[in-house]
Each structure stands twice: as structure tokens, then as C-alpha cells.
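Count along the sequence shown from 1, then add 492; that gives the number in my numbering.
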Amino acid sequence: MSDSVKYLLGEQDIPKSWYNINADLPVPLAPVLHPGTKQPIGPDDLAVIFPRAVIEQEMSAEREIEIPEPVREVYRQWRPSPLFRARRLEQALGTPAKIYYKYEGVSPAGSHKPNTAIPQAFYNKQEGVKRITTETGAGQWGSSLALAGAFFGLEIVVFMVRVSYEQKPYRRAFMETFGAQCIASPSDRTQSGRAILAEHPDSTGSLGIAISEAVEMAAQRDDTKYALGSVLNHVLLHQTVTGLEAMRQMEMAGDYPDLVIGCTGGGSNFAGLAFPFLGRQLREGGDTQFIAVEPSACPTLTKGLFAYDFGDTAHLTPLVKMYTLGSGFVPPGFHAGGLRYHGMAPQISHLAKLGHIAPRAYNQLECFAAGVQFAKAEGIIPAPEANHAVRGAIHEAEKCRESGEAKTILFNLCGHGHFDMQAYTDYLAGKLRDLTYDESEVAMALAGLPSVS
Ligand SMILES: *Cc1c(COP(=O)(O)O)cnc(C)c1O
493 MSDSVKYLLG
503 EQDIPKSWYN
513 INADLPVPLA
523 PVLHPGTKQP
533 IGPDDLAVIF
543 PRAVIEQEMS
553 AEREIEIPEP
563 VREVYRQWRP
573 SPLFRARRLE
583 QALGTPAKIY
593 YKYEGVSPAG
603 SHKPNTAIPQ
613 AFYNKQEGVK
623 RITTETGAGQ
633 WGSSLALAGA
643 FFGLEIVVFM
653 VRVSYEQKPY
663 RRAFMETFGA
673 QCIASPSDRT
683 QSGRAILAEH
693 PDSTGSLGIA
703 ISEAVEMAAQ
713 RDDTKYALGS
723 VLNHVLLHQT
733 VTGLEAMRQM
743 EMAGDYPDLV
753 IGCTGGGSNF
763 AGLAFPFLGR
773 QLREGGDTQF
783 IAVEPSACPT
793 LTKGLFAYDF
803 GDTAHLTPLV
813 KMYTLGSGFV
823 PPGFHAGGLR
833 YHGMAPQISH
843 LAKLGHIAPR
853 AYNQLECFAA
863 GVQFAKAEGI
873 IPAPEANHAV
883 RGAIHEAEKC
893 RESGEAKTIL
903 FNLCGHGHFD
913 MQAYTDYLAG
923 KLRDLTYDES
933 EVAMALAGLP
943 SVS
């Protein structure tokens, strides 16, 4: 049996710039619209909730955006992250395919999220902000921002989707250890939360609701801003540090991916790995396939509409053009909490619409089965979200076994599952089911899409 191989870069190889795919889009993104006037927004409209530097990045078309040195200093704690060739998994599958994965679970929060939490906290601090509000699904984003808040001396308030708050008590303890305040959402702290509770006292919450609460609280105080852990251009930009490293590591391995695979909640870890490769393909040509994997129970890219929609439930955010299941849709409480979002990053939606990204959906049980198979071969227990990428990679490797093709597969193992062992306990005890989403609820949520001429 040949062992799995690790490709490591040195600290001096941490990228000096992030990669902005806006520079290489064949067709520019649709403009972001003001929720009231439905006219394109300008930087001033966003200044209530975001620092200037972040707004500039959100709207930038520069291909390379410099990573500030203090951010690279913090990145050094865990970056560059390792790239592995999963030889033991390949053997277990009996596939001629080569499977590589970029492992982001080495960060202090156990996922890719600190890649953007650190720069966002840095820019807020630089502009004199004292407090940041945010939402979190499974808790990884809240944990990452809590960590960044501790590093940069910022107060952090996290609205955590209630179903995850209850499923993942250790995540809350993690955030509180770093000094953050963690509130179950919907809560009675905001108008948006109280409105939901009045109608649905037992609401399990959703990212859309938690975003409304966090945005509402940020807009109330001058010293408070809001941070989002996915979806927006600047977040995807910060995540490209993974793909840029992976390009060099694939070079070290003497390979180039035929397939790049990632799970997609709001799209940031997938974009982080895929965009540097996809950008090169847009500039120079190539035939790498980019596969975005989502849960069948929250099938934004595979079953949603490409339309203008709100990012949150209470309709406080600007309108963005994206694949969406409707901002009123509350996905069922499956365990990959980080994938329970009604929308998808505009950049990913746009590239999927243009045919450059292929979406795919899998059920919860097949994803856990893949995660267990991966853990046994590679020794890492993936986060339930990451299991979707693992499932995608194994599925492709199995297709290669049938066809005899030796494709090179690269996927993002975006986090470990050490805070998600209750999900594995339930899976191993045979208690998990495949959840289906309520089609009539999606139809209703989609019927309520804002009309934009
Ligand atoms: C947050 C999270 C996700 C989903 O968010 P993306 O923006 O789509 O990456 C997936 N996996 C892990 C481990 C996460 O923490």
C-alpha cells in the first residue's frame, strides 16, 4: 500500500495578493440594487454596515489585490495549508483517478473561514470600528470571527441559527472563549427576530433570519459594522489564497486538475479553490471542469431561479442577482448547517449561468457515507459540509473506475468535523434520514421574489 503524499509550501510562499475573478469575467456581473429604489447602489449605500476598504474590494475589477502584511502575519500561523494526494483513498476505491485535496481544517477555527475573518477584522480595526455583528450557521463563521476579534481587539456579536445553537453547544463555548457574545436566532434582541418569533415561536432559524438580525443591530450604532462570512465578492476574493497556493502545490506534484470540486453554501470555499484555476481557463483556455456540490435539501443552484433577491429574510440587504430559493425559504434542519442558505454567491451564480461551473446535489446520507470512507482512508474526519465535496470527488473517481480514465481530481476539504461529532453519532446509530425540502414552500418563496424591471 502506498501512503498518501503531502505537498507543503514555506511561509514565504503565502500569496502576496488575492485573485479577483471580476477582472476575467466574460460578461460583467449584474449590478447590486438598492432595496428601496431598485437602482444600482454606490459605495455610500454600503458604508453604514461595511468599512471602506471592504466596499472597495467588493466593487473592484483589479485582478490582484494586495494582502496587507499584518494579515499575512496572522495567516502564517496555519498557512500555507497542506495539499494531499489521497493515495489510500484511491486504493480503497480501486480507481485510476488521482485524488488531491487542499486541507483547510488546519486553521485555528478548523475551517477555511479565518481566511476572510482575519482581513475583515483587520480592515474594521483600521477604520476605528469597535464592534462587529454577524450571523453563523453551523458555527464555523462565528468561531472564525470570534478568533479574529480576539486578535484585533474587537467586540464580536454572533447570531447563531437556533437549530445549530442547539445541535452544537461546543461551538458556542468556542466563540465565548474568544470573548464573543453568541445569541440564538431568531432572538428577541431585534425587530426582525421578534417578528419571526411572533409568527413562528418554534422557528429553527435560518441564515437569512440571522443575517437580518445582525444587519439590523449593526445599522443602529456608528461604532458597529457587520461582517458576512460568505456570498459577497470580497469574501470569495479573500478565500482565493487557497486556490493560489493549490496551483503551486499541483505544480510541485507535476499535475493539473481535470476536475475541481467544492461544497457550496454561500460559495466561498469552492470559489477560493476554483477561481484561480477558472480565471486562468477564462484567460488562456483549458478544459478543467468546476463542480459545485450542494445538499439536495437546499438545492439553490440545481433547483433555484437566477433572479434578483434579498440576502436576508427581513429584506434589509441590497438586491443581488443570484440563484435563489427565495429569501423566505427556511431549509430543513440537516446537519451541514453551513450549507443551509437560500442564495448563492453572485459570482458563482453568474459563472454557473454562463456554463463555466457545473452544479450538483447530493443527499445527506450518501455524503456521510463518503465522509466515513474518507476518514478511514485518510485519517481526517471531514465537516458535514465538506462531506459534500468528498462525495463529489468519490463519485467522479468511481466514474473513472468504470471508464478506465485516469482523471486528476482536486477538491477542497474545507474543514474538519471535530465539533460535529453528534452528527456522526447520529449517522452511525442509523438515526439520520435524507431530508427533503418543502417544494410548496420554495414555490411560495420564489413567488415572493422582488420585481425588478
Ligand atoms: C461555512 C462553511 C461552508 C459553507 O460556506 P461556503 O461559503 O459555501 O464555503 C462549508 N464548509 C465549511 C467547513 C464551512 O465552515
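All C-beta atoms in this analysis are idealised placements derived from N, C-alpha and C, irrespective of residue type, glycine included.
Residue i vs residue j beta-carbon contact at 8 Å
{"i": "residue 735", "j": "residue 766", "result": "yes"}
{"i": "residue 506", "j": "residue 564", "result": "yes"}
{"i": "residue 525", "j": "residue 535", "result": "no"}
{"i": "residue 605", "j": "residue 636", "result": "yes"}
{"i": "residue 625", "j": "residue 710", "result": "yes"}
{"i": "residue 754", "j": "residue 881", "result": "yes"}
{"i": "residue 675", "j": "residue 651", "result": "yes"}
{"i": "residue 909", "j": "residue 916", "result": "yes"}
{"i": "residue 695", "j": "residue 654", "result": "yes"}
{"i": "residue 570", "j": "residue 546", "result": "no"}
{"i": "residue 948", "j": "residue 731", "result": "Coverage of the chain is limited to positions 493 through 945, which leaves residue 948 absent and any answer about it impossible."}
{"i": "residue 851", "j": "residue 814", "result": "no"}
{"i": "residue 588", "j": "residue 884", "result": "no"}
{"i": "residue 566", "j": "residue 513", "result": "no"}
{"i": "residue 638", "j": "residue 671", "result": "yes"}
{"i": "residue 934", "j": "residue 835", "result": "no"}
{"i": "residue 955", "j": "residue 498", "result": "With the chain running from 493 to 945 in the structure shown, residue 955 is simply not present."}
{"i": "residue 749", "j": "residue 902", "result": "yes"}
Endpoints, the alpha helix (DSSP H) within which residue i is located
{"i": "residue 709", "result": "699 to 712"}
{"i": "residue 792", "result": "792 to 795"}
{"i": "residue 916", "result": "913 to 920"}
{"i": "residue 932", "result": "931 to 939"}
{"i": "residue 636", "result": "632 to 644"}
{"i": "residue 688", "result": "683 to 691"}
{"i": "residue 666", "result": "661 to 669"}
{"i": "residue 732", "result": "725 to 745"}
{"i": "residue 767", "result": "760 to 776"}
{"i": "residue 538", "result": "535 to 538"}
Residue i, enclosing beta strand (DSSP E) - first and last residue
{"i": "residue 900", "result": "900 to 905"}
{"i": "residue 623", "result": "623 to 628"}
{"i": "residue 677", "result": "673 to 677"}
{"i": "residue 753", "result": "751 to 755"}
{"i": "residue 785", "result": "781 to 787"}
{"i": "residue 524", "result": "Unbroken run through residue 524: none, as it is neither H nor E."}
{"i": "residue 498", "result": "497 to 499"}
{"i": "residue 617", "result": "Unbroken run through residue 617 is the alpha helix (DSSP H), 606 to 618; no beta strand (DSSP E)."}
{"i": "residue 944", "result": "Counting along the chain, residue 944 falls outside any beta strand (DSSP E), and DSSP gives it neither H nor E."}
{"i": "residue 648", "result": "647 to 653"}
{"i": "residue 509", "result": "509 to 511"}
{"i": "residue 716", "result": "716 to 718"}
Supposed close pair residue i, residue j - CB separation, criterion 8 Å
{"i": "residue 848", "j": "residue 770", "result": "6 Å"}
{"i": "residue 793", "j": "residue 800", "result": "Actually they are not in contact, since the Cβ atoms of residue 793 and residue 800 sit about 16 Å apart, beyond 8 Å."}
{"i": "residue 900", "j": "residue 747", "result": "5 Å"}
{"i": "residue 907", "j": "residue 878", "result": "6 Å"}
{"i": "residue 816", "j": "residue 843", "result": "Actually they do not touch by this definition, with Cβ atoms about 16 Å apart."}
{"i": "residue 912", "j": "residue 857", "result": "Not really, about 15 Å apart at Cβ, beyond 8 Å."}
{"i": "residue 789", "j": "residue 929", "result": "5 Å"}
{"i": "residue 740", "j": "residue 905", "result": "Incorrect: roughly 18 Å between the Cβ atoms, too far for contact."}
{"i": "residue 787", "j": "residue 831", "result": "5 Å"}
{"i": "residue 888", "j": "residue 751", "result": "6 Å"}
{"i": "residue 708", "j": "residue 808", "result": "6 Å"}
{"i": "residue 549", "j": "residue 559", "result": "Not a contact, Cβ separation roughly 11 Å."}
{"i": "residue 937", "j": "residue 820", "result": "4 Å"}
{"i": "residue 504", "j": "residue 659", "result": "With 8 Å as the limit, residue 504 and residue 659 do not qualify as a contact, their Cβ atoms being about 41 Å apart."}
{"i": "residue 644", "j": "residue 666", "result": "At roughly 18 Å, the Cβ-Cβ gap does not stay under 8 Å, so residue 644 and residue 666 are not in contact."}
{"i": "residue 621", "j": "residue 543", "result": "6 Å"}
Counting Cβ pairs, one atom from each stretch, are 3 or more of them under 8 Å apart for the segment 815 to 829 and the segment 716 to 731? no
Is it a yes or a no for the segment 513 to 523 touching the segment 774 to 784, going by three-plus beta-carbon pairs under 8 Å? With the rule of 3 Cβ pairs closer than 8 Å, the segment 513 to 523 counts as touching the segment 774 to 784.
Please list the segments of the alpha helix (DSSP H) lying wholly inside the segment 546 to 602, counting only runs of 4 or more residues, in order along the chain. 561 to 567, 579 to 585
Between the segment 708 to 716 and the segment 865 to 878, can you find at least three pairs of beta-carbon atoms closer than 8 Å? no
With three or more C-beta pairs closer than 8 Å as the rule, is the segment 688 to 704 touching the segment 791 to 809? yes
Taking 8 Å as the threshold, find out whether the segment 748 to 762 comes into contact with the segment 570 to 579 through three or more Cβ pairs. no
What are the start and end residues of each continuous alpha helix (DSSP H) run of 4 or more residues lying completely inside the segment 851 to 887, in chain order? Here the runs fully enclosed are 856 to 870.
Threshold first: 4 residues or longer. Then list the alpha helix (DSSP H) segments lying entirely within the segment 803 to 858, N to C. 838 to 845
Can we say the segment 701 to 710 touches the segment 674 to 682, given the rule of at least three CB pairs closer than 8 Å? yes
With three or more beta-carbon pairs closer than 8 Å as the criterion, would you say the segment 630 to 646 touches the segment 587 to 597? no
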